[in-house]
Amino acid sequence: MKRLFKQFIIACVYLLIFSGFSWMMWGVFYTPTCSDGLKNQDEEDADCGGPCATCELRTLSYPSVSRKLFFMDPNGNATDVAIQIKNPNSSWGLKSFDYRVDFADSTGKILPGSLYGRSFLMPGATQWIMEAARFSSAELNDVEFKITTSTIDWNKLRPYVSENEFVIRDKQYKLLAPPASGYAELTGVIENKSSFSVNEFEVQGVLYDKEKRIIGFGKTKVLSLRPGQVKEFRIFWPRQFTNRNPVANFDVFANINFLADESFLQRYKQ
Numbered sequence: 001m002k003r004l005f006k007q008f009i010i011a012c013v014y015l016l017i018f019s020g021f022s023w024m025m026w027g028v029f030y031t032p033t034c035s036d037g038l039k040n041q042d043e044e045d046a047d048c049g050g051p052c053a054t055c056e057l058r059t060l061s062y063p064s065v066s067r068k069l070f071f072m073d074p075n076g077n078a079t080d081v082a083i084q085i086k087n088p089n090s091s092w093g094l095k096s097f098d099y100r101v102d103f104a105d106s107t108g109k110i111l112p113g114s115l116y117g118r119s120f121l122m123p124g125a126t127q128w129i130m131e132a133a134r135f136s137s138a139e140l141n142d143v144e145f146k147i148t149t150s151t152i153d154w155n156k157l158r159p160y161v162s163e164n165e166f167v168i169r170d171k172q173y174k175l176l177a178p179p180a181s182g183y184a185e186l187t188g189v190i191e192n193k194s195s196f197s198v199n200e201f202e203v204q205g206v207l208y209d210k211e212k213r214i215i216g217f218g219k220t221k222v223l224s225l226r227p228g229q230v231k232e233f234r235i236f237w238p239r240q241f242t243n244r245n246p247v248a249n250f251d252v253f254a255n256i257n258f259l260a261d262e263s264f265l266q267r268y269k270q
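Residue 157 in UniProt numbering sits at position 157 of the sequence shown, and the numbers go up by one each step.
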């Protein structure tokens, strides 16, 4: 009995020595990370705050889809798609994210021809994403929009420049007549009244009939806009709209990604 007890004590001593040595080696060679599930490097909580990403990211909500529209070309050559998304987070924007647009039939089956793209969304903003698919299927009944959440690059920017510093004026929508080709155009100018330059961005147009129903939409690109610069833009529609009601009103938007503008970020990012 004494011999067994002695062996037990010796085994416990060896176990304590081995455990202590293992713990010492783990402490020497292990490098804390922001994904180890431990609060071990002055974080506010496990894997967030301090040297890791802010814990506020855990409280953010993903953007939601406000509206989905699609218009099929009567000739069967294309389908125009517009998705309106809303960012419910007032302080955090999406500097970039990948998305996918699927086309479904009446049973929910996904049709060939899905679209893939990348976009952004400013804090608290509602924004249109407009695409053109190179097909038109009689089976098309709905469109589905999905953000690849793992690709979201959250960014906080406050305060950010007011939309009033990018002025769109002299807007005009008109039908085209021979010898001009195409169906219609929306033209205007945009002026940069801010103190910094912006790179490539979209100018989008949404057309309404007298019942305030959307009957068409389109976009164009502006490659750059320096402080004080004024540039013309033109949104062009090559063919008549599916809804043949006359255009009674329209909106024009400039979608500028301030979160990706390095000169702006250096001055205002928090």
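By construction, the Cβ of each residue, glycine as well, lies at the ideal position given by its N, Cα and C atoms.
Simplified DSSP assignment, three categories, for residue i
{"i": "residue 13", "result": "helix"}
{"i": "residue 192", "result": "strand"}
{"i": "residue 260", "result": "helix"}
{"i": "residue 107", "result": "coil"}
{"i": "residue 270", "result": "Note that residue 270 scores a pLDDT of 47, beneath 50, so its modelled location is shaky and nothing firm can be said."}
{"i": "residue 141", "result": "coil"}
{"i": "residue 211", "result": "coil"}
{"i": "residue 200", "result": "coil"}
{"i": "residue 164", "result": "helix"}
{"i": "residue 135", "result": "coil"}
DSSP bridge partner residues for residue i (one or two, in chain order)
{"i": "residue 187", "result": "172 and 234"}
{"i": "residue 67", "result": "84"}
{"i": "residue 317", "result": "Not covered by the structure: residue 317. The range shown for the chain is 1 to 270."}
{"i": "residue 217", "result": "206"}
{"i": "residue 73", "result": "Answer by DSSP bridge pairing: none, since residue 73 is not bridged."}
Residue i, enclosing beta strand (DSSP E) - first and last residue
{"i": "residue 100", "result": "92-104"}
{"i": "residue 112", "result": "110-121"}
{"i": "residue 59", "result": "Segment: none, residue 59 is in no beta strand (DSSP E) and carries neither H nor E."}
{"i": "residue 242", "result": "Segment: none, residue 242 is in no beta strand (DSSP E) and carries neither H nor E."}
{"i": "residue 81", "result": "79-86"}
{"i": "residue 254", "result": "249-255"}
Classification of residue i by the beta-carbon crowding that lies within 10 angstroms, buried from 16 upward
{"i": "residue 224", "result": "exposed"}
{"i": "residue 79", "result": "buried"}
{"i": "residue 194", "result": "buried"}
{"i": "residue 155", "result": "buried"}
{"i": "residue 89", "result": "buried"}
{"i": "residue 230", "result": "exposed"}
{"i": "residue 14", "result": "exposed"}
{"i": "residue 9", "result": "exposed"}
{"i": "residue 117", "result": "exposed"}
{"i": "residue 75", "result": "exposed"}
{"i": "residue 62", "result": "exposed"}
{"i": "residue 180", "result": "exposed"}
{"i": "residue 119", "result": "buried"}
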